[in-house]
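Before any comments, here is the structure.
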Amino acid sequence: MNQTVVSYLSQYEFYDHLLAFFGNNQGLLSFVIYMIFILIIVTMCATIGGLGTYAERKISADLQQRVGPNRVGPYGLLQFLADGVKMMTKEDIMPFTADKFLFYLAPLLALVGVFSTLAVLPFSSGFALADLNVGVFYLIAISSLVGVAVFLGGYASNSKWSMLGGMRGASQIISYEIPVTLSVLAITLLAGGMSFGTIVGQQKGLPFNWFIFHNPFAFLAFFVFFTGALAETNRAPFDLPEAESELVSGYHTEYTGMRFGFFALAEYIEVFVVCGVAAALFLGGSSLPFNISFDILPLQLLEFIIFMTKTLLLYYVVIWIRWTLPRLRVDQLMSICWKYLTPMAILNLVGCSIWIVVFNGKSIAELIFGGH
Amino acid sequence: MFMQLLFGLSALLTLSGAIAVLVTKNIMHACIFLLASLIGIAGLYATLGADFVAVTQIMVYVGGIVILMIFAVMLTGGKDFVSRAQNLLGLAPSMGNKWTYTVGLLVSLVFLLTNVKLISSIVKSHPAKTFGNEFPSTVNQLGHLLIKDHVLAFELSSVLLLGALVGAAMIARPRKQ
Amino acid sequence: MMSLASYLIISLALFVIGLAVMLSRKSIVAILLGIELVLNAAALNFVAYSRYVTNNLDGHIFSLFIIVIAAAEAAVGLAIVIRFFQIKETIHIDEATQLRN
């Protein structure tokens, strides 16, 4: 029932050779394959997170007509490695009055919460670590660990700036979880399942088969989801937890060196994950624009490239928004969530369910072009 | 093999987290240990094949209840409320003297043995089954059960949640003295 | 190792620890932590019985409702704690004596 990368590979011939090589030990072979793929995905996403900092600085420089980092490597591409080395060699300072245990725990919780979500991210139809049948739900649930981490980081530092940032972060994250989850629920209704395999599989073909163009409510749901996701990842214009101009640096004011690096890395990877989820839920994910009856490994690579293209385009939009829009106030943030986004999300959910009943689950394109 | 490992680690996390909640002096740490314990319970649900319940557990507890608890701790003064533990174990409260403890211990021993006797008949008649690694998805069946067999409880729970929401907002709202 | 008995033992231990937390702590929030542990022990029992004894999913439904009720209980309980703190400026359980006499 739960499709995994191992069960995908086992339909090929070389899997039998591998199995023979491991002395027909199914468990050991699965373990090795999982470990290899986890290593690949974690390394890739850590690199993307690092390159995210570079992209952010470079794009912001472009938007503000500056040059941006250009010293380390070609076009300054290796800047993130230099930053990483700098962070690792920095002195690890802990405030004297800090809560030692929680101070050490918070960055780790943030990383754990973000990296656990990578397990279900559908990079392609076969190259997803595990296609759980509660996939989307799992992703939303486990990523709420980040909220706890932000809060704990703010509390443990025992500094007023951090405390305010952590309080803001936690209230923001748990508030915006509601519109995000409701929008995801609308898509779950349309797809008829919570696993990413089901959801992406329903959107095969040209862009008008994507869920964003399925009906007007789903179109609206995409924007509600994207706005809510921006707020959940503490990105501008919702970056109140780390508002530099008011709170120094928010919940990670007191963190130095690699502990700060963990928070930053977690934030950038979470943005990547959120963009990937938006791409998979609304923009067709890794589905190919044409129908192919056979399945070979290079196709997986093509699907992977399609998925990454969509995700990174959304990533660009996130950075673009950050450097374009001004920051909101706290009361504006809360009123946007509770007075506008949540009612809209509920409307989308009800609208989608009525659409499914009235039009028998057909999309607009199917209604216009006669459908299948 | 993998399930055994998951079971062992989850059980360890659950019990050690719970014990840490009991013995820690710092209420903030207690909240975090409770979080560990609840995640361990989610792991135990996963070993039982209850995927939806496991994820719901993480969703509600990690994303909601533990954050609420930490909020309440912070809004009510933080870590000053240490239990006044002055007993021989250093963790039990000053609820009685050695006689009450002795009597309580004996009563709980008898109670435990009675319960073990009662439960052992169930456990013996249902020996450890060997399940495969394949778990059927419970999501569809749970949906049908919730909408068909248990629909009254389902709707009532939504009313309960609404009542709790309004009630909590009413109780906690700041009032002018 | 994985049998009904081991789940029941874990659940029993959780219940007892939760009870001890409820009895031994003086802070209202800590008592709520103990209540969560007790509720979880019950929910774990339901799911374990559902897998090993009844072979249907009614136990899952029960534990879902337990989670719902735990959420409602935590929200209202913490609201009461905050209100109590506004009035008494402490969350010590022994101070909650206004209804005595």
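Protein chains in written order, with the working numbering: chain A, 1096 to 1467; chain B, 44 to 220; chain C, 411 to 511.
Glycine included, each C-beta is placed from N, C-alpha and C at the ideal position.
Being a predicted model, the structure only gives us computed values, none of them experimental.
DSSP links residue 502 of chain C through a beta bridge to C:437. Inter-residue distance for residue 108 of chain B and residue 1445 of chain A is about 27 Å (C-alpha atoms, whole angstroms). Bounds of any alpha helix (DSSP H) do not take in residue 44 of chain B, whose DSSP letter is neither H nor E. In this structure, the beta-carbon distance from residue 1140 of chain A to residue 1401 of chain A does not fall below 7 Å. Residue pairing of residue 452 of chain C in beta bridges, as defined by DSSP: absent, with no partner found. In the structure shown, the three-state DSSP call for residue 1437 of chain A is helix. If you check the CB distance, residue 1447 of chain A and residue 1206 of chain A do not come in under 7 Å. Under the 8 Å Cβ criterion, the stretch 1177 to 1196 of chain A counts as touching the stretch 1250 to 1264 of chain A, having at least three qualifying pairs. One alpha carbon belongs to residue 102 of chain B, the other to residue 1170 of chain A, and they sit about 43 Å apart.
Chain B has no Cβ within less than 7 Å of the Cβ of residue 1451 of chain A. Here DSSP, grouped into helix, strand and coil, assigns residue 93 of chain B to coil. Burial check for residue 206 of chain B: the Cβ neighbour count within 10 Å stays below 16, so the residue is exposed. Per the Cβ contact rule, the stretch 1209 to 1219 of chain A is not in contact with the stretch 68 to 82 of chain B (fewer than 3 Cβ pairs under 8 Å).
Relative to the Cα of residue 1281 of chain A, the nearest Cα in the group A:1376, A:1099 and A:1128 belongs to A:1376. In the pairwise beta carbon analysis, the stretch 1124 to 1137 of chain A is classified as not touching the stretch 1147 to 1157 of chain A: fewer than three pairs are separated by under 8 Å. The beta-carbon separation of residue 1443 of chain A and residue 1278 of chain A, rounded to 6 Å, stays under the 8 Å limit for a contact. Secondary structure remark: continuous alpha helix (DSSP H) runs of at least 4 residues inside the stretch 1387 to 1452 of chain A, in chain order: 1392 to 1417 and 1425 to 1430.
With a 10 Å radius around the Cβ and a threshold of 16 neighbouring Cβ atoms, residue 1109 of chain A comes out exposed. Counting every other CB atom within 10 Å of its CB across the protein chains shown gives residue 431 of chain C a total of 16 or more, marking it as buried. Measuring C-alpha to C-alpha distances from residue 1203 of chain A to each of A:1228, A:1174 and A:1240 identifies A:1240 as the nearest. For residue 1228 of chain A, a Cβ of chain B is located within less than 7 Å of the residue's own Cβ. The C-beta separation of residue 1224 of chain A from residue 1372 of chain A comes to about 15 Å, leaving the pair out of contact by the 8 Å criterion. Within the stretch 80 to 114 of chain B, those residues whose Cβ lies closer than 8 Å to any Cβ of chain C are, in chain order, 80, 81, 84, 87, 88, 90, 91, 92, 93, 95, 96, 99, 100, 103, 104, 107, 108, 111, 112 and 114.
Exclusion of the five residues before and after residue 419 of chain C leaves no residue of its chain whose Cβ lies closer than 7 Å to its Cβ. The continuous alpha helix (DSSP H) containing residue 197 of chain B extends over residues 194 to 215.
Across the set A:1358, A:1324, A:1320 and A:1319, the C-alpha of A:1358 shows the shortest separation from the C-alpha of residue 1337 of chain A. Spatial neighbours of residue 1420 of chain A in its own chain (CB-CB distance under 7 Å, excluding positions within 5 residues in sequence) are listed in chain order as 1331 and 1332.
Collapsing the DSSP output to three states places residue 1099 of chain A in a strand.
Counting only Cβ-Cβ distances below 9 Å, residue 45 of chain B has contacts in chain A at 1122, 1125 and 1126, in chain order. Of A:1415, A:1392 and A:1384, the smallest CA-CA separation from residue 1301 of chain A is found for A:1384.
Not flagged as an interface residue toward chain C: residue 52 of chain B, since no C-beta distance is shorter than 7 Å. As summarised for the stretch 1096 to 1158 of chain A, the continuous alpha helix (DSSP H) elements at least 4 residues long and confined to that stretch are 1100 to 1104, 1108 to 1116 and 1121 to 1158, given in chain order. DSSP, reduced to helix, strand and coil, places residue 1226 of chain A within a strand of the structure shown.
Taking a beta-carbon distance threshold of 7 Å, residue 1277 of chain A does not count as an interface residue toward chain B. The DSSP-derived three-state label of residue 1331 of chain A is coil. Within 8 Å of the CB of residue 448 of chain C, no CB atom of chain B is found; the nearest one sits about 10 Å away.
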